[in-house]
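All residue numbers for the sequence shown refer to the working numbering, where the first residue is 1 and numbers rise by one. Read the structure below first, then the notes.
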Amino acid sequence: MQEERIPRSRKPWFGRAMFFLFAVLVPLVTWGVEIGTRMCAECLFDPMPTAVHSLLILMVPVANFVVRRDVEWGDRLRPGIGLLSGMAVGVAGFYTVMFAPLTPLGVVTIPFCGIGFLLLAPALSLIGALSARAMLGRKWGIHPPGFWRGVGIAMLVLLLAELPGAATRLGMHAAAGGSHGGLSMLRAIGDEEFMLRSCYVRPSSTTDMLSFLLSLDDPLDPEEARKIYYRVTGRPFNASPPPPSVHERGLLADEDWVWDSEQGAEDVGGRLKHLFLEDSIMVATLDPDAALGYTEWTLVFRNDHGWQNHEARAQIALPPGGTVSRVTLWVEGEPREAAFGSRSQTRQAYEEVVQQSRDPLLVTTAGPDRVMLQCFPVPARGGTMKVRIGITAPLELESNALTLARLPYFVERNFTQERDVPHTVKVDSPATLEATRLESPELGRLEGKVPDLYLADVLIQAARDPSVRRVWASDRTGTMVTGALREAAPGRPERPVFVVDGSSRMQSVVQEISAAMPATRVIFAGDELQEMPASELGGASFVGGQDAVPALMRAFAEPGATVVYIHAPQPVELAPVEELRPLVQKGSRLYDFQVGLGPNRVLEALDGLENVEVVRRRGSVGEDLQGFLAGLEEPRLQMLLSQITVPAGEESSDHLVRLWAASQVEDLRGKGHLDEAVKLAVGQQLVTPVSGAVVLENTEQYERAGLQAVDPGTVPTIPEPEVWALVLVCLAVLALARQRRAGVLSEARRGPHRRWTADGRR
């Protein structure tokens with residue numbers, strides 16, 4: 001029986017076509033689709049977490065093409081072809097194993113637009129690489145040398161490429177279980193970018209293949225990853241821009257959905273790639289004689305995302321003793337003033353309106369001298385949102401003749417401030433002004449553009465009249481308050497206990513701390529608690545970020561202790577800080593001395609407690625620490641506020657009443673009179689630990705929340721420059737009119753007398 005044959009002209013063509021289609025073209029298309037869309041990385045795991053992975057995968061179809069070309073048209077067995085074939089088999093085999101659980105799904109989905117071929121690409125590449133090697137052996141009668149060496153090289157390169165991610169994931173799981181060994185491993189060999197990505201991705205997602213296998217049954221929560229990132233690096237995760245793989249799907253993909261898990265919540269959260277601060281203007285007016293100032297900070301946020309609205313969030317440090325007394329949101333170009341209510345009432349109103357994607361703005365306290373600002377939505381496609389907060393704050397009294405003022409600044413934010421967008425600052429005062437980073441174009445005025453990095457360093461000196469010892473003011477409700485200049489008695493603690501943070505950011509200042517108090521014993525809050533003289537701190541290990549709570553608990557365990565906590569920013573709550581509240585409330589006092597800018601979760605949890613005081617910084621750590629310790633033994637000059645019924649002294653502005661009300665709210669809260677504290681704070685339109693401010697879009701939303709927006713005529717204001725110019729013009733016109741009127745009256749007084757000219761004619 002004669003065997004049916006396919007014509008020789010068709011059989012080689014068909015085999016070559018099938019090979020180049022499934023062993024070259026399909027893998028190439030799959031590689032391009034993943035590069036362009038990051039489809040697998042979004043849904044399952046990232047098959048190309050590094051450039052090495054991407055190049056190895058691209059090498060497989062290229063190697064298959066080269067080997068098959070030599071099979072068809074090669075005239076000799078070229079050196080290195082076996083090595084290349086082995087590397088292709090090694091890489092394709094590795095990915096075939098990784099995609100093995102998905103192979104059945106790939107077969108089933110082939111009829112649906114051929115998408116199943118994408119899942120089958122590793123297996124097809126492996127079959128092609130093995131068949132090309134076999135054909136090469138049949139052609140030359142021997143298998144090309146170097147094949148197994150190529151397989152080994154491919155596996156070794158893949159192992160080295162996977163090792164940082166796998167070791168980091170293993171270390172993070174160990175650290176999450178409380179292992180100090182896991183932290184040590186991460187500090188030594190951990191992949192910081194991998195850890196940073198883990199702070200953003202949802203628990204169901206992973207970022208590389210071995211991590212995918214390790215986390216199938218035990219995914220690491222981003223909240224836990226953020227704690228570990230801080231413990232390892234000593235920095236908060238949102239201090240750095242998110243890795244590109246977090247918010248980008250691929251080169252060909254449209255803008256993706258940005259997952260913002262903190263939207264509407266009480267945390268600032270991570271940086272949003274498309275959210276920017278477009279403009280920042282700060283205008284302040286100072287009254288040095290009354291030792292108070294008022295600052296209005298206007299912020300404009302911009303969202304460059306193509307279609308998704310964003311929420312802007314920031315934690316802001318106020319001048320010491322400051323309180324927010326005005327909150328404004330521009331809606332359709334018109335300024336809308338806030339409604340003041342209890343903290344829970346304003347937050348609930350904000351969260352409800354955020355869910356409806358309307359226009360709310362919320363300001364609440366976030367620890368002593370700090371507030372949380374959040375507004376939504378900042379419209380997509382370059383849309384902007386404009387807000388303003390007004391801050392009433394006391395000035396620091398250096399002496400009878402000199403006061404110090406500070407500016408608010410960002411502690412933490414979820415938006416980016418571009419380098420070419422500094423803060424525009426203007427300060428006015430009836431007295432002489434001097435400041436760092438600001439110029440004085442005329443007496444009583446300062447102006448300048450301050451980069452965000454230096455905003456916290458600006459110190460404004462304002463001269464005051466030393467003869468003014470008492471001031472007074474009244475407000476719209478008739479409340480009358482006086483301020484009297486007094487020297488407060490020193491409060492030297494009997495049993496001071498010093499706690500020093502062992503975080504890595506403290507390493508640069510340890511010598512200054514030791515020099516400022518060499519004989520003092522301290523509790524060192526490192527990976528393990530230790531007690532030592534401050535002079536021995538130089539030999540201690542300052543690594544990563546440390547948990548402050550255990551050290552503070554030990555310090556407060558001493559009866560009547562006054563705790564001085566010297567620390568770097570505390571961006572993560574590693575242990576429940578609420579356990580400290582009852583210890584502080586029992587009468588112990590906490591002085592918080594922070595080194596560097598950043599959030600402080602310990603202070604946030606102790607918000608509203610009278611016995612917590614933030615040490616004011618102005619110079620180096622050593623100088624400020626020595627000044628603080630000396631100040632505990634010396635009297636301090638203060639403006640003591642009290643309510644009166646009869647005016648006494650120089651008249652000031654109603655900001656004096658606001659400062660008095662803020663201190664009264666604190667006293668009432670400390671005594672447990674919460675309802676009275678809320679009533680006073682709302683009546684005086686202040687943001688305090690018991691009250692907040694919220695701007696909603698319409699009257700219906702206010703009524704539903706049981707709130708009422710304040711009358712614009714009752715809020716503090718700073719006239720715009722145009723208003724000042726108009727006032728000056730009006731004054732000049734009035735002066736001219738008065739002068740002319742005086743001339744007319746002078747003529748009238750002369751009566752009917754006629755004027756005589758020089759030649760005697762009338």
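Ideal placement from N, C-alpha and C gives every residue a C-beta, glycine not left out.
Give every residue of the same chain whose Cβ lies closer than 6 Å to the Cβ of LEU174, excluding the five residues on either side of it in the sequence, and list them in chain order. Start at 1 with the first residue of the sequence shown, and residue 174 comes out as number 174. Correcting the residue type first, residue 174 is Ala in the shown sequence and not Leu. Same-chain partners within the cutoff: GLY182.
Per DSSP, which residues does MET282 bridge with? Please list them. Residue 282 sits at position 282 when you count from the first residue of the sequence shown. In DSSP, MET282 forms a bridge with TRP297, VAL425.
So, under 8 Å CB-CB, MET59 and MET98 are touching, yes? Tell me the CB distance rounded to an integer number of Å. Here residue 59 is taken as the residue at index 59 of the sequence shown, counted from 1. Here residue 98 is taken as the residue at index 98 of the sequence shown, counted from 1. Actually they do not touch by this definition, with Cβ atoms about 17 Å apart.
Tell me which residue opens and which closes the alpha helix (DSSP H) that GLN263 is part of. Position 263 of the sequence shown, counted from the first residue, corresponds to residue 263. Careful: GLN263 lies outside any alpha helix (DSSP H) and carries neither H nor E.
Relative to the C-alpha of HIS53, which candidate in ALA92, LEU453, THR424 has its C-alpha closest? Residue mapping note: residue 53 aligns to position 53 of the sequence shown, counting from 1. The option with the nearest alpha carbon to HIS53 is ALA92.
Are the Cβ atoms of SER429 and LEU552 separated by less than 8 Å? To locate residue 429, count along the sequence shown from 1; it is residue 429. To locate residue 552, count along the sequence shown from 1; it is residue 552. Not a contact, by the Cβ cut-off of 8 Å.
Would the segment 401–413 and the segment 329–345 be scored as touching if the rule is three or more Cβ pairs under 8 Å? no
For the segment 408–418 and the segment 438–449, state whether three or more C-beta atom pairs, one from each stretch, are separated by less than 8 Å. no
Leaving out five residues before and five after ILE770 in sequence, what residues of the same chain have Cβ atoms less than 6 Å from its Cβ? Past the boundaries of the shown model lies residue 770; the chain is included only from 1 to 762, so the question cannot be answered.
Cβ contact check for the segment 459–479 and the segment 276–295: 3 or more pairs under 8 Å: yes
From the DSSP output, in three-state form, read off LEU485 for me. Reading the sequence shown from its first residue, position 485 is the one you call residue 485. LEU485: strand per DSSP, three-state reduction.
Does the count of Cβ pairs from the segment 380–388 and the segment 339–346 closer than 8 Å reach three? no
DSSP on TRP307, reduced to helix/strand/coil? The residue you call residue 307 lines up with position 307 of the sequence shown. In this structure, TRP307 counts as coil in the three-state DSSP scheme.
Counting only beta-carbon separations shorter than 8 Å, does HIS655 have a partner in chain C? In the structure shown, chain C cannot be found, because there is only a single protein chain.
Exposed or buried, which one is ASP547 when buried takes at least 16 other CB atoms within 10 Å? The residue labelled residue 547 in the question sits at position 547 within the sequence shown. Classification of ASP547: buried, given that the 10 Å Cβ count is 16 or more.
Our contact map puts ILE389 next to TRP297 with C-beta atoms below 8 Å; I'd like the distance itself, whole angstroms only. In the sequence shown, residue 389 corresponds to position 389, counting from 1. In the sequence shown, residue 297 corresponds to position 297, counting from 1. Right, the Cβ-Cβ distance comes to about 5 Å (below 8 Å), so this counts as a contact.
Cβ-based burial, GLY270 [other Cβ within 10 Å; buried from 16]: For the purposes of this step, residue 270 is identified with residue 270 of the sequence shown, where counting begins at 1. Buried, since its Cβ has 16 or more Cβ neighbours within 10 Å.
Which class does ALA380 belong to by DSSP, given the choice of helix, strand or coil? What you label residue 380 is simply residue 380 of the sequence shown in a count that begins at 1. Of the three classes helix, strand and coil, the one that applies to ALA380 here is coil, per DSSP.
With distance defined between alpha-carbon atoms, name the residue in PRO241, GLU311, PRO379 nearest to SER261. The count along the sequence shown starts at 1 and reaches residue 261 at position 261. Nearest of PRO241, GLU311, PRO379 to SER261, Cα basis: GLU311.
Considering only residues of the segment 480–563, which uninterrupted beta strand (DSSP E) runs meet the minimum length of 3 residues and lie entirely inside it, listed in chain order? 480–488, 496–501, 521–525, 529–533
Check each candidate in VAL300, VAL522, THR96 and name the one with the smallest Cα separation from GLU418. Here residue 418 corresponds to residue number 418 of the sequence shown, with the count starting at 1. Closest by alpha carbon: VAL300.
Indicate whether the contact test is met: 3 or more Cβ pairs, each with one atom in the segment 131–142 and one in the segment 32–51, closer than 8 Å. no
Return the chain-ordered list of same chain residues with a C-beta closer than 8 Å to the C-beta of GLY502, the five sequence neighbours on each side being excluded. Counted from its first residue, the sequence shown places residue 502 at position 502. The answer, listed in chain order, is PHE524, ALA525, GLY526, ASP527, ALA540, SER541, PHE542, VAL543, GLN546.
Suppose you measure from the CA of PRO319 to the CA of LEU407; what does that come to, to the nearest Å? Counted from its first residue, the sequence shown places residue 319 at position 319. Counted from its first residue, the sequence shown places residue 407 at position 407. Taking the straight line from one Cα to the other gives about 6 Å.
Given TYR454, which residues of its chain have a CB within under 7 Å of its CB, disregarding the five upstream and five downstream residues? Counted from its first residue, the sequence shown places residue 454 at position 454. Correct list, in chain order: ARG437.
ALA431: which of VAL232, PRO466, VAL421, ALA166 sits nearest, CA to CA? Position 431 of the sequence shown, counted from the start, is the residue given in the question as residue 431. Of VAL232, PRO466, VAL421, ALA166, the residue nearest in Cα terms is PRO466.
If I'm right that ASN309 touches ALA380 with Cβ under 8 Å, what's the distance once you round it to whole angstroms? Mapped onto the sequence shown, residue 309 falls at position 309. Mapped onto the sequence shown, residue 380 falls at position 380. About 6 Å separates the two Cβ atoms, so the contact holds.
Determine the contact status of VAL497 and LEU537, defining contact as a CB-CB distance below 8 Å. For the purposes of this step, residue 497 is taken as the residue at position 497 of the sequence shown. For the purposes of this step, residue 537 is taken as the residue at position 537 of the sequence shown. No, the Cβ-Cβ distance between VAL497 and LEU537 is not below 8 Å.
VAL67 vs ILE81 beta-carbon contact at 8 Å: As a first step, residue 67 is located in the sequence shown; it is residue number 67 there, counting from the start. As a first step, residue 81 is located in the sequence shown; it is residue number 81 there, counting from the start. Yes. Within cutoff.
Among the candidates VAL157, GLU224, VAL549, GLY128, whose CA atom is the shortest distance from the CA of MET172? Numbered from 1 along the sequence shown, position 172 holds the residue referred to as residue 172. Comparing Cα-Cα distances from MET172 to each of VAL157, GLU224, VAL549, GLY128, the minimum goes to GLU224.
Helix, strand or coil at ASN600 according to DSSP, with G and I counted as helix: Here residue 600 refers to the residue found at position 600 when the sequence shown is read from its first residue. Strand at ASN600.
Would you call the CB atoms of ARG636 and GLU487 closer than 8 Å? Stepping through the sequence shown from its first residue, residue 636 is reached at position 636. Stepping through the sequence shown from its first residue, residue 487 is reached at position 487. Result yes, Cβ atoms of ARG636 and GLU487 sit closer than 8 Å.
Leaving out the 5 sequence neighbours to the left and right, which residues in its chain are closer than 6 Å to PRO647 when beta-carbon positions are compared? What you label residue 647 is simply residue 647 of the sequence shown in a count that begins at 1. Excluding sequence neighbours, PRO647 sits near TRP472.
CA-CA distance, VAL658 and ILE391? The residue you call residue 658 lines up with position 658 of the sequence shown. The residue you call residue 391 lines up with position 391 of the sequence shown. One point to set straight first is that residue 658 is Arg, not Val, in the sequence displayed. So the two alpha carbons sit approximately 10 Å from each other.
Residues near ARG601 in its chain [Cβ-Cβ closer than 8 Å; skip 5 each side]: Taking the first residue of the sequence shown as 1, we reach residue 601 at position 601. If we look at ARG601 and ignore the five residues flanking it on each side, its Cβ neighbours are GLN570, PRO571, VAL572, GLU573, VAL577.
Closest to VAL283 by C-alpha separation, out of PHE410, TYR230, GLU193, VAL427, would be which residue? For the purposes of this step, residue 283 is taken as residue 283 along the sequence shown, with counting starting at 1. Taking only the C-alpha atoms, the option nearest VAL283 is VAL427.
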